[in-house]
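Undergrad:
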Amino acid sequence: MDTPLYFRQLLAGRDFGEDDPVACQMQNFVYLIGDRRVGECFVVDPAWAVRDLVDLAGRDGMRVTGALVTHYHPDHVGGELWGHEIDGLPTLMEVAPCPVHCHRLEADGIRKVTGVSASDLVTHGSGDTVRCGDVEIELLHTPGHTPGSLCFRVAGSLVSGDTLFLQGCGRVDLPGGDSDQMFASLQKLKTLPDSCVVFPGHAYSGAQAPMGDLLGQNHYLRVADLEMWRQMFG
Ligand SMILES: [Fe+2]
Numbered sequence: 001m002d003t004p005l006y007f008r009q010l011l012a013g014r015d016f017g018e019d020d021p022v023a024c025q026m027q028n029f030v031y032l033i034g035d036r037r038v039g040e041c042f043v044v045d046p047a048w049a050v051r052d053l054v055d056l057a058g059r060d061g062m063r064v065t066g067a068l069v070t071h072y073h074p075d076h077v078g079g080e081l082w083g084h085e086i087d088g089l090p091t092l093m094e095v096a097p098c099p100v101h102c103h104r105l106e107a108d109g110i111r112k113v114t115g116v117s118a119s120d121l122v123t124h125g126s127g128d129t130v131r132c133g134d135v136e137i138e139l140l141h142t143p144g145h146t147p148g149s150l151c152f153r154v155a156g157s158l159v160s161g162d163t164l165f166l167q168g169c170g171r172v173d174l175p176g177g178d179s180d181q182m183f184a185s186l187q188k189l190k191t192l193p194d195s196c197v198v199f200p201g202h203a204y205s206g207a208q209a210p211m212g213d214l215l216g217q218n219h220y221l222r223v224a225d226l227e228m229w230r231q232m233f234g
């Protein structure tokens, strides 16, 4: 069946930003999600080499008309990380100005690390949807790694940011992290269909896998009790 969905997973340091050794080390995934029929897409977590990302979309006949942010960390939106200046949202605002969708609890962090203005951001709560052409993307609030972390659900896929990796979950020991919230967020994600394909924010242990597989292989998803979670990871 003909589907309008355009979905690309791009690995920083391999598919773009190839000359950046820090990008190679960090293994961030960026996603382009949109509607082929209208030729428009959103970029999830634009960072590392934003001009390359816009050009990549362009070579597919797609124009970047929005950004989605999983969370405010500089490897996902740009800014300074360990003395390195990472390309990100300010470049996107320059080369392809567009609304930047984020959770309301993440807006201050994004402004602080990138310097973008409040008027560049469109803030959301959990369950909101955004549309790119006929493609609908649902925003799931999954705090724990940061207070306003989001996952994006589109068609049969979940872009999980730094909330859920194939073999683990995001760190909860960074500023704004919360172990109990991470537990609750993972319980929420476990209710997604087994067939839902998870696309994480880093390539630490793979690029994609169905939720049904993760339920068997990811130890963090297997814990079903908060007290046990606290004993193991708290
Ligand atoms: Fe992160």
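Following my numbering, the numbering of the sequence shown begins with 1 at its first residue and continues without gaps.
Don't be surprised by glycine CBs; every beta carbon is placed ideally from N, CA and C.
1) Is residue 141 closer than 7 Å to residue 101 when the C-beta atoms are compared?
2) Are the segment 39-52 and the segment 130-150 touching, with three or more C-beta to C-beta distances below 8 Å?
3) Note down the Cα distance separating residue 83 from residue 184, rounded to an integer number of angstroms.
4) Rounding to the nearest angstrom, what Cα-Cα distance links residue 225 and residue 36 in this structure?
5) Under a Cβ-count criterion, where at least 16 other Cβ atoms within 10 Å of its own Cβ denotes burial, should residue 1 be classed as buried or exposed?
6) Alpha carbon to alpha carbon, how far is residue 111 from residue 80?
7) With 16 other CB atoms within 10 Å as the buried threshold, where does residue 3 fall?
8) Hey, would you say the C-beta of residue 162 is under 6 Å away from at least one heavy atom of ligand 1?
9) Can you round the beta-carbon distance between residue 218 and residue 167 to whole angstroms, since I take them to be within the 8 Å contact cut?
10) What do you get for residue 147, buried or exposed, if any count of 16 or more other CB atoms within 10 angstroms of its CB means buried?
11) In the DSSP assignment, the beta strand (DSSP E) including residue 135 goes from what residue to what residue?
12) In chain order, what residues of the same chain have a beta carbon less than 7 Å from the beta carbon of residue 172, not counting five sequence neighbours either side?
13) Excluding sequence positions up to five away, which residues of its chain have a Cβ less than 6 Å from the Cβ of residue 159?
14) Using 7 Å as the threshold, is the C-beta distance between residue 107 and residue 121 below it?
15) Just to confirm the assignment, what range does the beta strand (DSSP E) spanning residue 7 have?
TA: On the basis of the supplied data:
1) no
2) Short answer: they touch.
3) 34 Å
4) 43 Å
5) Because residue 1 sits at a pLDDT of 45, beneath the cut-off of 50, its placement in the model cannot be relied upon, and the point is left open.
6) 13 Å
7) exposed
8) Checking every heavy atom of ligand 1 against the Cβ of residue 162, one is found closer than 6 Å.
9) 6 Å
10) buried
11) 135-141
12) 144, 145, 178, 179, 182
13) 31, 44, 152, 199
14) yes
15) In the DSSP assignment, residue 7 falls within the unbroken beta strand (DSSP E) covering 5-11.
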